[in-house]
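Numbering (our numbering), first residue to last: 7 to 167. For every residue, glycine included, the Cβ atom is placed at its ideal position computed from N, Cα and C. A short write-up of the structure that comes next.
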């Protein structure tokens, strides 16, 4: 029997970082967990610490074999882009500290992988996540995006093999 591997998808944010974990066995993908790391209290260094500890705890709890994270997109507000980049950086640092490989995906690629178009709406992405993982309801927005990133990584790896 083939052992399952687990992919942790991360949708970084300076106040809410979504996570989604999927299990992969053979060519079958199943939902494991999802949610948000809430870093809404404190100044930016404290929030970054919360994100780092949150990702580290998820890695310790679920033992993923790899991490997939969304790339920073070009934001109209440079300050927002910088904060997003910092949140992304500490999430990556937590994964690297656990010696996990990290793959990065542009939002357009994630949407293309799941919906078939890089211009898909958040609602369309969440709907496809729900369908593909056979969920009884739609996951919260940040978690749905993180699950989409994990699914994009699984699809990308399966196409490459």
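DSSP-derived helix/strand/coil call for residue i
i: residue 6; result: Beyond the ends of the chain as shown, which are 7 and 167, falls residue 6; an answer cannot be given.
i: residue 90; result: helix
i: residue 110; result: strand
i: residue 144; result: coil
Proximity below 8 Å, CB of residue i to CB of residue j
i: residue 156; j: residue 150; result: no
i: residue 43; j: residue 28; result: no
i: residue 152; j: residue 71; result: no
i: residue 14; j: residue 90; result: no
i: residue 79; j: residue 12; result: no
i: residue 24; j: residue 148; result: yes
i: residue 18; j: residue 94; result: yes
i: residue 120; j: residue 163; result: no
Integer Cβ distance of residue i from residue j, believed to fall under 8 Å
i: residue 73; j: residue 16; result: 6 Å
i: residue 131; j: residue 140; result: Wrong, their Cβ atoms sit about 16 Å apart, outside the cutoff.
i: residue 37; j: residue 76; result: Actually they do not touch by this definition, with Cβ atoms about 19 Å apart.
i: residue 21; j: residue 59; result: Not confirmed; about 15 Å, so no contact.
i: residue 10; j: residue 30; result: 6 Å
i: residue 97; j: residue 57; result: 6 Å
i: residue 124; j: residue 114; result: 4 Å
Beta-bridge pairing of residue i - partner residues as DSSP gives them
i: residue 39; result: 27
i: residue 22; result: 44
i: residue 15; result: 26, 74
Any chain B beta carbon closer than 8 Å to residue i
i: residue 24; result: Chain labels in this structure do not include chain B; a single protein chain is all it has.
*What are the uninterrupted segments assigned as alpha helix (DSSP H) that are 4 or more residues long and contained completely in the segment 48-89, given in chain order?*
Those alpha helix (DSSP H) runs which fall completely within the segment 48-89 and span 4+ residues are 50-68.
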